[in-house]
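What follows is a set of notes on a single structure, which appears directly below.
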Amino acid sequence: MKGGPGSDGWSQWPAPAKLNLFLHIVGRRSDGYHLLETVFQLLDWGDSVWLRPRDDGRIIRCGDNSGIDEASDLGVRAARALKQSVDGVGLGADIRIDKRIPIGGGLGGGSSDAATTLVALNWLWNAGLDEDRLAGIGLALGADVPVFVRGRTAYAEGIGEMLTAIDVPPRDYLVVDTGASVPTAALFADPQLTRDSPAVTIRGFVCGAPTHNAFEAIVRRRFAAVGRALDWLAAYGEPRLSGSGGAVFMPLREDGRKLLDACPSGMRAWIVRGVARSPLHGALAAAVARGAPAL
313 MKGGPGSDGW SQWPAPAKLN LFLHIVGRRS DGYHLLETVF QLLDWGDSVW LRPRDDGRII
373 RCGDNSGIDE ASDLGVRAAR ALKQSVDGVG LGADIRIDKR IPIGGGLGGG SSDAATTLVA
433 LNWLWNAGLD EDRLAGIGLA LGADVPVFVR GRTAYAEGIG EMLTAIDVPP RDYLVVDTGA
493 SVPTAALFAD PQLTRDSPAV TIRGFVCGAP THNAFEAIVR RRFAAVGRAL DWLAAYGEPR
553 LSGSGGAVFM PLREDGRKLL DACPSGMRAW IVRGVARSPL HGALAAAVAR GAPAL
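To convert, count from 1 in the sequence shown and add 312; that's the working numbering.
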């Protein structure tokens with residue numbers, strides 16, 4: 313059952329993907345973390361997180377989550393972090409994740425799975441933490457987690473955690489999984505990475521100031537499939553790399569189904585919709601309206 317427990321105790325919760333409409337690196341903190349500017353565009357498409365509360369306090373992963381080892385599984389780590397943050401919660405959970413978002417694609421899959429686990433278990437356990445507290449727990453798991461916890465398309469600064477909700481006109485995008493799983497840490501360490509891009513304010517972004525993805529040239533150089541996808545799509549529009557991953561996207565000017573049919577061999581593509589509000593928050597609102605979870 314989506315948003316609330318079904319008769320078997322399982323409930324299904326959306327974990328939406330995101331696009332980085334641009335990504336600039338504008339400096340570096342004293343601790344070595346890079347300072348970013350980006351716009352996170354949330355999508356109506358992504359993973360599904362299945363949760364079932366347990367009364368024995370255990371966090372159990374069901375399934376292999378596309379081969380991700382349990383110690384690295386952000387959904388499991390999020391459940392454990394939430395449990396440690398809440399006094400008096402003796403409950404546990406079974407967790408199963410249906411993966412659609414490609415791993416290493418720069419679409420936020422692991423971060424979104426973590427955020428969905430935090431938001432949904434907070435309600436299922438009656439933990440009562442507010443959004444700021446959940447975002448703080450999420451930030452310790454990854455810089456992209458807070459935007460999914462807060463659930464609004466946003467302009468981001470800092471390491472990605474300083475968020476300002478913005479209105480981006482709704483539109484469709486073609487998202488292409490090139491098959492490249494890109495290691496983020498290696499990109500940040502690349503000596504050719506531009507770390508002093510000029511700042512782009514929200515007003516500048518809205519008014520059409522020039523933007524780019526700081527990682528695109530490096531990923532294109534390291535992963536030939538990404539270059540092929542960008543070159544293919546350049547004949548139809550203005551493609552861009554998302555985040556620091558191997559997926560590329562392009563706003564659609566017209567029906568994109570012909571592009572789905574023309575997707576290069578070895579790649580996958582989807583037509584997705586950008587949304588202002590996360591489908592996770594819609595599911596939570598529906599669950600709350602139906603009444604408190606049965607524990």
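Every residue gets a Cβ at the ideal spot worked out from N, C-alpha and C, and that includes glycine.
Asked: CB of isoleucine 583 within 9 Å of CB of valine 487, strictly; Found: yes
Asked: Reduced DSSP secondary structure (H/G/I, E/B, other) of lysine 330; Found: strand
Asked: C-beta contact flag for leucine 611 and valine 459 at 9 Å; Found: The shown model of the chain, from 313 to 607, leaves out residue 611, and the question about it has no answer.
Asked: Identity of the residue in Thr350, Ser342 and Leu433 nearest glutamine 324 by Cα; Found: Leu433
Asked: Pairwise C-alpha distance: alanine 559 and glycine 402; Found: 40 Å
Asked: Buried/exposed call for serine 423, threshold 16 Cβ in 10 Å; Found: buried
Asked: Residues of its chain near arginine 366, where Cβ-Cβ distance is below 8 Å and the 5 sequence neighbours each way are ignored; Found: Ile372, Leu403, Gly404, Ala405 and Asp406
Asked: Cβ pair valine 431, histidine 593 closer than 9 Å; Found: yes
Asked: C-beta contact flag for tyrosine 485 and glutamine 353 at 9 Å; Found: yes
Asked: Simplified DSSP assignment, three categories, for tryptophan 435; Found: helix
Asked: C-alpha distance - glutamate 528 paired with serine 556, whole-angstrom precision; Found: 8 Å
Asked: Contacts around valine 518, its chain only, beta-carbon distance under 6 Å, and the 5 residues preceding and following it disregarded; Found: none
Asked: Under the three-state DSSP convention, the category glutamine 647 falls into; Found: This structure cannot settle anything about residue 647, because the visible part of the chain is limited to 313 through 607.
Asked: Between the CA atoms of proline 503 and alanine 537 - distance to the nearest angstrom; Found: 22 Å
Asked: Own chain, CB closer than 6 Å to glycine 339, minus 5 neighbours either side, in chain order; Found: Leu347
Asked: Residues near aspartate 368 by beta carbon distance below 7 Å, same chain, minus five either side; Found: Gly404
Asked: Buried/exposed call for glutamate 382, threshold 16 Cβ in 10 Å; Found: exposed
Asked: Three-state secondary structure assigned by DSSP to arginine 483; Found: coil
Asked: Segment limits, alpha helix (DSSP H) that includes glutamate 443; Found: 443-453
Asked: Cα-Cα separation, glutamine 396 to alanine 439; Found: 11 Å
Asked: Contained alpha helix (DSSP H) runs [length at least 4] in the segment 477-528, N- to C-terminal order; Found: 496-501 and 514-518
Asked: Nearest neighbour of alanine 393, chosen from Pro328, Arg412, Lys570 and Ile449 [CA to CA]; Found: Ile449
Asked: Continuous beta strand (DSSP E) stretch holding aspartate 410: start and end; Found: 404-410
Asked: Proximity to methionine 562 [Cα-Cα], best of Pro591, Trp435, Arg389 and Arg483; Found: Arg483
Asked: Test item: CB-CB of tryptophan 435 and leucine 596 under 9 Å; Found: yes
Asked: Under 9 Å between C-beta atoms of glycine 421 and alanine 327; Found: yes
Asked: Beta-bridge partners of isoleucine 398, as assigned by DSSP; Found: At residue 398 the sequence reads valine, which differs from the isoleucine that was named. DSSP output for valine 398 lists no bridge partner at all.
Asked: Nonlocal neighbours in the same chain, by C-beta distance under 6 Å from isoleucine 471, ignoring five residues either side; Found: Tyr345 and Ala455
Asked: Per-residue burial, alanine 581 [other beta carbons within 10 Å of its own, 16 or more giving buried]; Found: buried
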